[in-house]
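For reference, the structure is listed below as structure tokens.
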Amino acid sequence: MKILIINGPNLNLLGKREPTIYGNTTFVDYFAKLQLNFKNVELSYYQSNIEGELISKIQEVGFSYDGIVLNAAAYTHTSIGIGDAIKAIETPVVEVHISNTFGREEFRHQSYISPVAKGIILGFGLQSYDLAIQSFLATK
Ligand code: DQA
Numbered sequence: 001m002k003i004l005i006i007n008g009p010n011l012n013l014l015g016k017r018e019p020t021i022y023g024n025t026t027f028v029d030y031f032a033k034l035q036l037n038f039k040n041v042e043l044s045y046y047q048s049n050i051e052g053e054l055i056s057k058i059q060e061v062g063f064s065y066d067g068i069v070l071n072a073a074a075y076t077h078t079s080i081g082i083g084d085a086i087k088a089i090e091t092p093v094v095e096v097h098i099s100n101t102f103g104r105e106e107f108r109h110q111s112y113i114s115p116v117a118k119g120i121i122l123g124f125g126l127q128s129y130d131l132a133i134q135s136f137l138a139t140k
């Protein structure tokens with residue numbers, strides 16, 4: 001099984017960005033643990049701060065991979081383009097968020113990803129990614 005994790009803007013700063021919300025662990029360190037937890041999954045990881053690059057990556061893997069775990073970060077709440085890209089591809093997408101976006105500001109309650117995602121996992125810290133991968137394994 002081939003799964004790509006895609007992280008959107010500012011998630012390259014995990015570990016030092018608002019640690020009370022997002023924790024102290026860098027994604028690079030967490031990704032190494034994920035690879036150990038899922039030895040039978042071909043896991044890869046991509047991050048960009050640029051909306052069009054995220055769309056290009058979704059298109060690139062969207063007809064060959066088994067799953068995409070997508071944390072579009074702030075673009076979740078604004079990007080019709082990312083929503084359209086998910087609609088255009090065949091690979092199922094699980095939306096993830098580190099924080100519980102519904103417990104935060106009103107503008108974070110809107111998602112252009114949720115209506116077109118296979119499912120949504122949010123609010124479990126970095127463990128949200130772990131659970132998203134598990135969800136693909138449980139439903140393949
Ligand atoms: C986030 C939540 C978004 O509202 C925010 O813009 C992020 C991170 C999360 O993982 O909790 O950058 O996607």
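At position 20 of the sequence shown (counting the first as 1) the number is 20 in UniProt numbering, and the numbers step up by one without a gap.
No residue lacks a Cβ here, since even glycine has one placed at the ideal position from N, Cα and C.
Is isoleucine 58 near the ligand DQA, in the sense that its beta carbon is under 7 Å from a heavy atom of that ligand?
As a first step, residue 58 is located in the sequence shown; it is residue number 58 there, counting from the start. The answer is no for isoleucine 58.
For valine 28, does the count of other Cβ atoms within 10 angstroms reach 16, so buried, or fall short, so exposed?
By one-based count along the sequence shown, residue 28 stands at place 28. With fewer than 16 other Cβ atoms within 10 Å, it is exposed.
Exposed unless 16 or more other CB atoms sit within 10 angstroms - verdict on proline 19:
Counting from one through the sequence shown, the residue named residue 19 turns up at place 19. Under this definition proline 19 is an exposed residue.
Let me check understanding here. Comparing Cα to Cα, which of Ala117, Val69 and Ala88 lies closest to isoleucine 98?
Your numbering for residue 98 matches position 98 in the sequence shown. The shortest C-alpha separation from isoleucine 98 is found at Val69.
Figure out for me which residue from Pro115, Gln110 and Thr101 has the closest Cα to the Cα of isoleucine 86.
One-based indexing of the sequence shown puts residue 86 at position 86. Of the candidates Pro115, Gln110 and Thr101, the one whose C-alpha sits nearest the C-alpha of isoleucine 86 is Pro115.
Smallest Cα separation from alanine 74: which of Tyr65, Gln110, Tyr46 and Asp84?
Against the sequence shown, residue 74 aligns to sequence position 74. Closest by alpha carbon: Gln110.
Return the Cβ separation of isoleucine 6 and isoleucine 58 in integer angstroms, given the expectation that the two are a contact with Cβ distance under 8 Å.
Within the sequence shown, the letter at position 6 stands for residue 6. Within the sequence shown, the letter at position 58 stands for residue 58. Rounded to the nearest angstrom, the Cβ distance from isoleucine 6 to isoleucine 58 is 7 Å, consistent with a contact under 8 Å.
Measuring alpha carbon to alpha carbon, tell me which of Leu137, Asp130 and Ala72 ends up nearest asparagine 10.
Indexing the sequence shown from 1 puts residue 10 at position 10. Nearest neighbour of asparagine 10 by Cα position, chosen from Leu137, Asp130 and Ala72, turns out to be Ala72.
By the three-class DSSP mapping on this structure, what secondary structure does asparagine 40 have?
Translated into positions along the sequence shown, residue 40 becomes position 40. Taken through DSSP and simplified to helix, strand or coil, asparagine 40 comes out as coil.
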